[in-house]
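Chains as they are written, first to last, in my numbering: chain A, 139 to 251; chain B, 676 to 794.
Take a look at the structure:
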């Protein structure tokens with residue numbers, strides 16, 4: 139059974155600081171997704187990582203994937219208040235229903251001035 | 676880019692009534708759509724996979740007679756919560772895969788979600 143674990147689950151940080159969110163998954167998968175969710179809203183796609191060593195950056199967020207370690211990271215650089223949200227990683231479940239996604243529990247990020 | 680439209684955004688209903696939620700892919704044809712449920716401050720849990728022209732596939736523990744799924748066309752899937760009870764109150768989100776993106780990253784697009792409150 140594919141499991142996805144994120145840590146930390148809660149993250150309070152000051153503006154301007156850097157931090158990393160970690161996402162581990164239990165079985166082989168070559169597609170990992172990062173999403174952002176604001177309260178009461180749906181999911182906004184941030185990154186799709188397809189291969190070992192993949193690195194993608196958008197603004198202050200950078201995501202990477204190590205398929206051998208089954209680990210993805212979402213690095214936040216010089217955080218700003220607008221980044222406050224819940225971030226989910228998700229992995230394609232090839233053993234499940236036609237490739238649905240299995241989500242981590244999410245990391246609630248709060249950036250304080 | 677591809678968009679998935681979900682309606683309604685929120686609904687309040689009395690216990691025992693049924694509620695229908697629609698999920699439409701606006702600019703691509705989706706043979707497969709997924710329905711997720713999210714309880715407050717929790718992650719998304721897959722409920723069922725909706726297949727165009729055939730029966731939905733339900734995840735373990737999800738009652739197929741309570742959560743009726745119909746995928747009658749390549750652009751529309753509906754989820755009907757029958758005889759709703761307060762414990763069914765949740766945020767329901769649909770997603771659809773754009774088959775045109777299989778090679779470049781297989782993007783899954785999510786609807787805006789439906790907040791269901793059963794009184």
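Every residue gets a Cβ at the ideal spot worked out from N, C-alpha and C, and that includes glycine.
Interface partners of residue i on chain A, CB under 9 Å
i	result
residue 768 of chain B	180, 181
Residue from the options whose Cα sits closest to the Cα of residue i
i	options	result
residue 171 of chain A	B:785, B:758, B:763	B:785
residue 250 of chain A	A:139, A:146, A:151, A:141	A:151
residue 736 of chain B	B:712, B:688, B:680, B:793	B:712
residue 187 of chain A	A:178, A:214, A:227	A:227
residue 213 of chain A	A:239, A:201, A:154	A:201
residue 222 of chain A	A:231, A:197, A:177	A:177
residue 239 of chain A	A:173, A:199, A:230, A:139	A:230
residue 189 of chain A	A:241, A:216, A:215, A:209	A:209
residue 163 of chain A	A:174, A:243, A:175	A:243
residue 762 of chain B	B:752, B:741, B:754	B:741
residue 623 of chain B	B:759, B:733, B:719, B:725	An answer regarding residue 623 of chain B cannot be provided, because it is not within the stretch 676 to 794 covered by chain B.
residue 145 of chain A	A:160, A:154, A:248, A:191	A:160
Chain-ordered neighbours of residue i on chain B, where CB pairs are closer than 9 Å
i	result
residue 226 of chain A	718, 719
DSSP-derived helix/strand/coil call for residue i
i	result
residue 235 of chain A	Note that residue 235 of chain A scores a pLDDT of 49, beneath 50, so its modelled location is shaky; the value from the coordinates is reported in the next line. The answer is coil: DSSP assigns residue 235 of chain A none of H, G, I, E or B.
residue 244 of chain A	coil
residue 740 of chain B	coil
residue 169 of chain A	coil
residue 199 of chain A	strand
residue 221 of chain A	helix
residue 204 of chain A	strand
residue 762 of chain B	helix
residue 685 of chain B	strand
residue 778 of chain B	Note that residue 778 of chain B scores 49 on pLDDT, short of 50, meaning its location in the model is unreliable; the coordinates nonetheless yield the value given after this. Residue 778 of chain B: coil per DSSP, three-state reduction.
residue 704 of chain B	coil
residue 678 of chain B	coil
residue 770 of chain B	strand
residue 189 of chain A	coil
residue 734 of chain B	coil
residue 748 of chain B	strand
residue 180 of chain A	coil
Endpoints, the beta strand (DSSP E) within which residue i is located
i	result
residue 789 of chain B	789-793
residue 145 of chain A	142-145
residue 694 of chain B	694-700
residue 149 of chain A	148-152
residue 723 of chain B	719-726
residue 212 of chain A	209-214
residue 752 of chain B	751-756
residue 714 of chain B	It is not in any beta strand (DSSP E) - residue 714 of chain B carries neither H nor E in the DSSP assignment.
residue 162 of chain A	157-163
Chain-ordered chain A contacts of residue i [CB-CB under 7 Å]
i	result
residue 783 of chain B	239
Min CB distance residue i to chain D below 7 Å
i	result
residue 788 of chain B	Of the chains in the structure shown, none is chain D; the protein chains are A and B.
Beta-carbon neighbours of residue i, restricted to chain B and to distances below 7 Å
i	result
residue 242 of chain A	718
| message | So, does the stretch 201-208 of chain A touch the stretch 161-168 of chain A, judging by three or more C-beta pairs under 8 Å? | response | Between the stretch 201-208 of chain A and the stretch 161-168 of chain A, the count of C-beta pairs closer than 8 Å reaches three or more; the two stretches touch.
Exercise. Using 8 Å as the threshold, is the stretch 692-706 of chain B in touch with the stretch 765-774 of chain B, meaning 3 or more CB pairs across them?
Worked result: The answer is yes - the stretch 765-774 of chain B touches the stretch 692-706 of chain B, with three or more Cβ pairs under 8 Å.
| message | Quick check: the stretch 740-752 of chain B against the stretch 704-723 of chain B, are at least 3 beta-carbon pairs closer than 8 Å? | response | Because the criterion of three Cβ pairs below 8 Å is met, the stretch 704-723 of chain B and the stretch 740-752 of chain B touch.
Item to complete: Pair every Cβ in the stretch 720-733 of chain B with every Cβ in the stretch 677-687 of chain B, then say whether three or more of these pairs are closer than 8 Å.
Response: Contact between the stretch 720-733 of chain B and the stretch 677-687 of chain B is absent: fewer than 3 CB-CB pairs across the two stretches fall below 8 Å.
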